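Asker: This is the structure, below, for whatever I ask next.
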Amino acid sequence: MSLSLAAIVEALGGELRGSPEREVARLASLETATPADISFLVPNPKLAGLLAQTQAGCIIVAPAMQEAAGARGDCIVASDPYLYFARLTQLWKRTHLPPEPAGIHPSAVVEEGAQVHPAARVGALCFVGSGARIGAHTVLRERVTVASGCTIGERCLIESGAVIGGDGFGFAPHQGQWVKIEQLGGVRIGNDVEIGANTCIDRGALDDTVIEDGVKLDNLIQIGHNTHIGAHTAMAGCVGVAGSARIGAHCTVGGAGMILGHLDIADHVHISAASMVARSITKPGQYTGFFPIDDNAAWEKNAASLKHLHALRERVRQLEKKLAENGDNARLSG
Amino acid sequence: MSLSLAAIVEALGGELRGSPEREVARLASLETATPADISFLVPNPKLAGLLAQTQAGCIIVAPAMQEAAGARGDCIVASDPYLYFARLTQLWKRTHLPPEPAGIHPSAVVEEGAQVHPAARVGALCFVGSGARIGAHTVLRERVTVASGCTIGERCLIESGAVIGGDGFGFAPHQGQWVKIEQLGGVRIGNDVEIGANTCIDRGALDDTVIEDGVKLDNLIQIGHNTHIGAHTAMAGCVGVAGSARIGAHCTVGGAGMILGHLDIADHVHISAASMVARSITKPGQYTGFFPIDDNAAWEKNAASLKHLHALRERVRQLEKKLAENGDNARLSG
Amino acid sequence: MSLSLAAIVEALGGELRGSPEREVARLASLETATPADISFLVPNPKLAGLLAQTQAGCIIVAPAMQEAAGARGDCIVASDPYLYFARLTQLWKRTHLPPEPAGIHPSAVVEEGAQVHPAARVGALCFVGSGARIGAHTVLRERVTVASGCTIGERCLIESGAVIGGDGFGFAPHQGQWVKIEQLGGVRIGNDVEIGANTCIDRGALDDTVIEDGVKLDNLIQIGHNTHIGAHTAMAGCVGVAGSARIGAHCTVGGAGMILGHLDIADHVHISAASMVARSITKPGQYTGFFPIDDNAAWEKNAASLKHLHALRERVRQLEKKLAENGDNARLSG
């Protein structure tokens with residue numbers, strides 16, 4: 118299980134400074150790499166010191182670092198070392214790990230009327246409902262649900278336990294009880310989408326819930342009915358998006374971020390972890406809202422004061438007024 | 118696939134103003150409806166303008182809107198258009214979608230000693246443990262777990278991936294380690310309950326965890342052991358309820374709301390999204406607690422100041438004192 | 118279905134004050150116990166009053182309470198009543214509930230090359246990938262995924278729906294799109310670990326994600342790739358841990374706590390529920406950070422003021438300055 122530097126550069130490009138015949142046994146971070154391993158250095162001046170400390174046998178570096186890296190041993194020069202490294206993990210997987218073959222696992226349940234492309238893979242113990250469509254080269258790992266009438270594009274990866282097409286959460290209140298609104302829409306997922314383990318994407322009430330091309334969703338995310346997520350938006354674990362939110366393209370949402378329903382998020386908006394979006398956001402940028410953690414005693418005092426913040430602001434206003442009056446009086450009497 | 122207005126009114130009541138023979142091809146929102154579709158207008162003055170813009174072939178309206186709606190085309194007059202619409206989705210499902218037939222899917226695992234009512238449905242790849250009971254007309258979608266000794270009432274809907282009856286989280290600390298408290302209770306779920314995809318309801322430690330009639334739980338919700346949820350309470354996605362909480366009837370909890378254990382929530386309490394309940398709430402009302410989102414730079418400054426809020430309050434107190442003394446001095450010397 | 122007090126003391130030790138031949142029919146809390154039940158009293162002066170009210174036939178008490186407890190009826194004296202009770206639940210389970218027999222359920226899918234210890238149990242509809250290893254006396258409940266190359270130690274309990282070894286969430290940005298970093302590491306779980314329902318533990322990017330001995334994770338928890346969780350740490354439901362976090366031993370994290378990636382948490386750190394950890398924590402202690410809940414109107418006013426807190430602090434600074442100047446002026450002119 119190894120790759121020669123020559124084979125790497127042949128497959129991925131980049132300029133090799135060092136021995137083409139060197140074999141690397143493992144991909145590793147700079148901190149844990151041994152002389153048998155290949156690693157990478159992102160072009161960050163703060164990390165330049167790692168170059169002197171790492172034991173890595175070969176390092177992928179940016180052109181600006183090639184002298185320093187070359188002086189210590191083998192390196193591959195690439196314009197974007199992190200991207201190069203990503204592609205190296207893909208090369209490694211192709212050459213070292215068993216493929217995930219196309220086809221439907223015998224333990225999966227695929228209902229009549231579902232269309233699974235022959236080049237797609239439906240893993241063990243999956244369920245694919247009638248009328249669902251799964252595109253070419255898409256992989257459903259194990260125990261995935263794709264309910265009836267939902268469509269998934271090409272080259273998607275759906276992790277274990279994900280549920281695509283559960284009922285949206287819709288009820289009309291009536292005399293203290295809830296009357297179900299049947300969810301008649303579906304879920305439409307584009308190409309190159311990744312959906313994490315145990316993540317849920319609800320079907321729409323009337324129209325479809327839509328996930329555009331290239332969206333990446335981490336684990337345990339809840340996407341409410343009729344949400345629209347723009348292309349290449351990425352969300353970290355535990356995020357919740359309520360119904361009918363319209364989220365732009367190229368956005369990111371940090372872990373446990375929460376987006377309320379029926380609002381619009383522009384393209385290129387970045388929501389920090391643990392932040393709650395209760396209004397539409399029309400301008401690109403980074404948005405944050407969480408209570409900073411503190412030792413418990415300090416938090417208790419500040420949280421208690423927070424309950425009086427509005428009153429405190431009023432008290433400051435009064436002080437300002439009084440002081441201004443005093444000043445006027447002083448001037449008048451001066 | 119269509120329904121005539123006559124058939125709708127015959128099934129659901131309401132007063133038809135227009136052509137009974139008109140066929141509607143789809144249920145749609147006012148914004149997306151075409152002349153072939155039926156839509157609804159909730160009686161909200163802010164939305165009255167939609168009436169002029171929508172292309173819908175028929176609109177369900179409240180009596181107060183019947184003149185305006187009738188002037189533009191066909192309408193159905195109903196006292197509660199949203200409720201009428203909910204029932205129309207149910208009619209549509211009954212008449213247009215394949216039924217979810219009763220019975221146990223051959224891929225499901227139902228242990229000996231489980232009691233599944235013949236009119237219940239156990240979907241593909243479900244697990245029902247020994248001693249569990251599932252009532253009439255209850256539907257387990259796919260890949261649901263109902264562990265041994267748990268009971269589910271009638272007309273419930275359990276979405277894919279839900280886990281009913283996992284062990285509650287209970288341990289006694291001992292010399293730096295955790296000794297398991299076996300969870301000997303079960304889960305008791307009433308009638309007309311809906312439980313979302315990948316939601317978890319833990320079995321009780323000694324007594325049962327109880328979900329009363331008509332409760333609606335969205336996806337990815339965690340209900341701790343020995344929790345008691347009163348009738349017709351509804352919770353949105355990503356909510357967490359810790360152990361032994363006692364939540365009243367007719368409550369709502371917004372997405373990612375968090376309720377600590379061993380506390381009581383009165384009936385008719387509404388918890389906003391992303392809010393954390395750390396004490397019992399004895400009075401009906403709306404309760405909220407989350408840090409308002411802001412652009413990141415503004416948040417950083419305010420969050421940093423928040424760590425000094427208690428001290429700031431003390432400083433304001435000092436200022437007030439000093440100013441009062443100055444005033445007294447002024448008066449004394451005046 | 119009962120146990121005699123003699124049998125309990127014989128199995129678990131402790132000093133019986135009362136009738137050895139008394140049979141207990143149920144374990145119960147003090148509040149719900151009947152004369153046929155056994156209960157326990159933790160040594161908390163606040164709870165001593167419960168002793169007079171409970172109907173329990175026998176109570177497990179600490180030595181300090183033995184006189185009071187003995188005066189009202191049968192009791193078992195144990196140095197740590199809660200620990201004794203935990204062991205009693207285990208005894209009860211062993212003697213009253215059907216065992217969870219070792220072996221692989223016929224509906225489970227275990228790939229070639231997986232190593233399942235003959236004394237382990239793989240429940241219904243589980244998936245165990247090639248190269249995965251499951252140790253002796255470990256139980257996978259139903260519908261668990263253990264992906265290829267992941268290892269689980271001995272005496273672990275994995276609840277229904279858990280996903281061990283999904284891909285970590287790693288992408289390199291490239292021209293507005295995301296290029297996948299294949300996740301080549303695995304998950305290594307120690308002995309005596311408990312993992313809750315629908316909890317997800319991602320495989321590492323290069324190295325393994327590591328969960329040390331005795332860790333207890335509740336339901337719906339997300340553990341990112343390359344996280345390291347120290348021995349005997351416990352986390353409540355809905356917690357999220359981002360990638361490459363390094364969490365110490367003997368820590369606790371309350372429900373919905375959130376820990377960002379690439380940071381270190383020392384041993385014996387306790388994070389409160391709903392608190393967000395955005396920096397490393399180097400000292401043991403309790404840490405908290407959430408916005409205190411309030412009635413909605415009060416919250417709205419305080420939250421609005423919070424957006425001006427930094428400015429408010431500046432205004433207080435100005436007031437202090439002015440007041441100090443006035444004082445100086447007064448003294449100068451005095």
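Residue numbers (my numbering), protein chains in the order written: chain V, 118 to 451; chain W, 118 to 451; chain R, 118 to 451.
Don't be surprised by glycine CBs; every beta carbon is placed ideally from N, CA and C.
Everything numeric in this text was worked out from a predicted model, so none of it was measured.
#1: Could you confirm whether any beta carbon from chain R is found closer than 8 Å to the beta carbon of HIS367 of chain V?
#2: What did DSSP end up calling LYS424 of chain W once you bin it into helix, strand or coil?
#3: Check this for me: beta carbons of GLY240 of chain V and GLU228 of chain V, under 8 Å apart or not?
#4: Tell me the DSSP secondary structure of PHE202 of chain W in three-state form.
#5: Which residue comes first and which comes last in the beta strand (DSSP E) that contains ARG260 of chain W?
#6: Below 8 Å, how does it come out for the region 207-221 of chain R and the region 231-239 of chain R: are there three or more Cβ pairs, yes or no?
#7: Does the Cβ-Cβ distance between ASP309 of chain W and ASP325 of chain W come in under 8 Å?
#8: Output the distance between the C-alpha atoms of ALA142 of chain V and ARG134 of chain V, rounded to the nearest integer angstrom.
#9: So ALA314 of chain V and GLY287 of chain R are supposed to be a Cβ contact under 8 Å. How far apart are they, rounded?
#10: How long is the line joining the alpha carbons of ARG272 of chain R and LEU334 of chain W, rounded to whole angstroms?
#11: Are there 16 or more other CB atoms within 10 angstroms of the CB of GLY307 of chain W, so buried, or fewer, so exposed?
#12: What residue from R:GLY374, R:TYR404 and R:MET393 has the CA that sits closest to HIS385 of chain R's CA?
#13: Pull up the distance between the alpha-carbon of VAL433 of chain R and that of ALA362 of chain V, whole angstroms please.
#14: Under 8 Å between C-beta atoms, does THR206 of chain V make it to chain R?
#15: Name the chain V residues that come within less than 7 Å of HIS349 of chain W, Cβ to Cβ?
#16: For ALA279 of chain V and THR316 of chain V, which I take to be in contact (beta-carbon distance under 8 Å), what is that distance rounded to the nearest angstrom?
#17: Under 8 Å, do GLY187 of chain W and GLY174 of chain W count as touching if we go by C-beta distance?
#18: What ranges does the beta strand (DSSP E) occupy inside the region 160-211 of chain W, keeping only unbroken runs of at least 3 residues that lie completely in it?
#19: Are the beta-carbon atoms belonging to THR206 of chain R and ILE298 of chain W less than 8 Å from one another?
#20: Tell me, please, which residues DSSP counts as bridged to PHE157 of chain W.
#21: If you check the beta carbons only, do ILE376 of chain W and CYS355 of chain W fall under 8 Å apart?
#22: Going by other Cβ atoms of all chains shown within 10 Å of its Cβ, with 16 needed for buried, is GLY321 of chain R buried or exposed?
#23: Once the 5 residues before and after ALA264 of chain W are set aside, which same chain residues still bring their CB inside 6 Å of it?
#24: Tell me the DSSP secondary structure of ALA128 of chain R in three-state form.
#25: Taking its Cβ as the centre, do 16 or more other Cβ atoms sit within 10 Å of GLN300 of chain W, making it buried, or is it exposed?
#26: For a test of the three-state rule: what should DSSP assign to ALA253 of chain R, helix, strand or coil?
#27: If you run the structure through DSSP and keep just helix, strand and coil, what is GLU228 of chain R?
#28: Cβ closer than 7 Å: which chain W residues qualify as neighbours of ILE177 of chain R?
#29: Buried or exposed, going by whether 16 or more other CB atoms sit within 10 Å of the CB of GLU276 of chain W?
#30: Per the DSSP calculation, MET352 of chain W is bridged to which residue(s)?
#31: Ordered along the chain, which non-local residues of its own chain (more than five positions away) have a Cβ less than 7 Å from that of PRO137 of chain W?
#32: Between the alpha carbons of ILE328 of chain R and ILE312 of chain R, how many angstroms are there, rounded?
#33: Runs of 4 residues minimum, wholly inside the region 386-432 of chain V: which ones carry the alpha helix (DSSP H) assignment?
#34: In chain order, what are the residue ranges of uninterrupted beta strand (DSSP E) at least 3 long that sit wholly in the region 269-307 of chain R?
#35: Quick one, are the C-beta atoms of VAL194 of chain R and GLY131 of chain R less than 8 Å apart?
#36: Select from the region 390-421 of chain W all residues with a C-beta closer than 7 Å to any C-beta belonging to chain V, and list them in chain order.
Answerer: Walking through what the data contain:
#1: For the purposes of this step, residue 367 of chain V is taken as residue 250 along the first sequence, with counting starting at 1. True, the Cβ-Cβ gap to chain R drops below 8 Å.
#2: Here residue 424 of chain W refers to the residue found at position 307 when the second sequence is read from its first residue. In the structure shown, LYS424 of chain W sits in coil (DSSP, three-state: anything other than H, G, I, E or B).
#3: Start at 1 with the first residue of the first sequence, and residue 240 of chain V comes out as number 123. Start at 1 with the first residue of the first sequence, and residue 228 of chain V comes out as number 111. One thing to note: GLY240 of chain V has its Cβ no nearer than 8 Å to the Cβ of GLU228 of chain V.
#4: As a working note, residue 202 of chain W is residue 85 in the second sequence. In this structure, PHE202 of chain W counts as helix in the three-state DSSP scheme.
#5: Counting from 1 along the second sequence, the entry for residue 260 of chain W is found at position 143. Membership of ARG260 of chain W in any beta strand (DSSP E) is not indicated, and neither H nor E is assigned to it by DSSP.
#6: Under the Cβ criterion (8 Å, minimum of three pairs), the region 207-221 of chain R counts as touching the region 231-239 of chain R.
#7: Translated into the one-based positions of the second sequence, residue 309 of chain W becomes position 192. Translated into the one-based positions of the second sequence, residue 325 of chain W becomes position 208. It is not a contact, given that the beta carbons lie outside the stated cut-off.
#8: Position 25 of the first sequence holds residue 142 of chain V. Position 17 of the first sequence holds residue 134 of chain V. Approximately 18 Å between the Cα atoms of the pair.
#9: As a first step, residue 314 of chain V must be located in the first sequence, where it is residue number 197. As a first step, residue 287 of chain R must be located in the third sequence, where it is residue number 170. About 14 Å separates the two Cβ atoms, so there is no contact after all.
#10: Within the third sequence, the letter at position 155 stands for residue 272 of chain R. Within the second sequence, the letter at position 217 stands for residue 334 of chain W. Distance between the alpha carbons of ARG272 of chain R and LEU334 of chain W: 33 Å.
#11: What you label residue 307 of chain W is simply residue 190 of the second sequence in a count that begins at 1. Around the C-beta of GLY307 of chain W, 16 or more other C-beta atoms lie within 10 Å, and the residue is accordingly described as buried.
#12: The residue given as residue 385 of chain R occupies position 268 in the third sequence. The option with the nearest alpha carbon to HIS385 of chain R is R:TYR404.
#13: Taking the first residue of the third sequence as position 1, residue 433 of chain R is located at position 316. Taking the first residue of the first sequence as position 1, residue 362 of chain V is located at position 245. Looking at the two C-alpha atoms, the distance is approximately 40 Å.
#14: Position 89 of the first sequence, counting from 1, holds the residue named residue 206 of chain V. Interface residue, yes.
#15: Within the second sequence, residue 349 of chain W is the residue found at index 232, counting from 1. In chain order, GLY293, GLN294 and TRP295 make up the part of chain V whose C-beta sits under 7 Å from the C-beta of HIS349 of chain W.
#16: Within the first sequence, residue 279 of chain V is the residue found at index 162, counting from 1. Within the first sequence, residue 316 of chain V is the residue found at index 199, counting from 1. That pair is a contact at about 5 Å.
#17: Along the second sequence, read from residue 1 onward, the residue named residue 187 of chain W stands at position 70. Along the second sequence, read from residue 1 onward, the residue named residue 174 of chain W stands at position 57. No, these two residues do not count as a Cβ contact at 8 Å.
#18: Complete beta strand (DSSP E) runs here, min 3: 175-178 and 191-194.
#19: Counting from one through the third sequence, the residue named residue 206 of chain R turns up at place 89. Counting from one through the second sequence, the residue named residue 298 of chain W turns up at place 181. A contact, by the Cβ cut-off of 8 Å.
#20: Mapped onto the second sequence, residue 157 of chain W falls at position 40. Note: PHE157 of chain W is bridge-paired with W:ILE177 in the DSSP secondary-structure output.
#21: Walking along the second sequence from the start, residue 376 of chain W turns up at place 259. Walking along the second sequence from the start, residue 355 of chain W turns up at place 238. The Cβ-Cβ distance between ILE376 of chain W and CYS355 of chain W does not fall below 8 Å.
#22: In the third sequence, counting from the first residue as 1, residue 321 of chain R sits at position 204. Answer is buried; the Cβ neighbour count reaches 16.
#23: As a position in the second sequence, residue 264 of chain W is number 147, starting the count at 1. Taken in chain order, the residues that qualify are GLY246 and GLY282.
#24: Taking the third sequence and counting its residues from 1, one reaches residue 128 of chain R at position 11. Reduced to three states, the DSSP call for ALA128 of chain R is helix.
#25: Start at 1 with the first residue of the second sequence, and residue 300 of chain W comes out as number 183. Result: buried.
#26: Within the third sequence, residue 253 of chain R is the residue found at index 136, counting from 1. For ALA253 of chain R, the secondary structure class from DSSP, reduced to helix, strand or coil, is coil.
#27: Translated into the one-based positions of the third sequence, residue 228 of chain R becomes position 111. DSSP, read as helix, strand or coil, puts GLU228 of chain R in coil.
#28: For the purposes of this step, residue 177 of chain R is taken as residue 60 along the third sequence, with counting starting at 1. Within chain W, no residue comes near ILE177 of chain R; the closest Cβ sits about 12 Å away, beyond 7 Å.
#29: Numbered from its first residue, the second sequence carries residue 276 of chain W at position 159. With 16 or more other Cβ atoms within 10 Å, it is buried.
#30: Numbered from 1 along the second sequence, position 235 holds the residue referred to as residue 352 of chain W. Here MET352 of chain W is bridged, per DSSP, to W:LEU334 and W:VAL370.
#31: By 1-based counting over the second sequence, the position of residue 137 of chain W is 20. If we look at PRO137 of chain W and ignore the five residues flanking it on each side, its Cβ neighbours are SER121, LEU122 and ALA123.
#32: One-based indexing of the third sequence puts residue 328 of chain R at position 211. One-based indexing of the third sequence puts residue 312 of chain R at position 195. Cα to Cα, the separation comes out at about 10 Å.
#33: Under the rule that a run must span 4 or more residues, the alpha helix (DSSP H) segments found entirely inside the region 386-432 of chain V read 413-423.
#34: For the region 269-307 of chain R, whole beta strand (DSSP E) runs of length 3 or above, ordered along the chain, are 280-283, 288-291, 294-297 and 304-306.
#35: For the purposes of this step, residue 194 of chain R is identified with residue 77 of the third sequence, where counting begins at 1. For the purposes of this step, residue 131 of chain R is identified with residue 14 of the third sequence, where counting begins at 1. In this structure, GLY131 of chain R lies closer than 8 Å to VAL194 of chain R by Cβ.
#36: Flagged, chain order: ALA390, ALA391, PHE407, PHE408, PRO409, ILE410, ASP411, ASP412, ASN413, TRP416 and ALA420.
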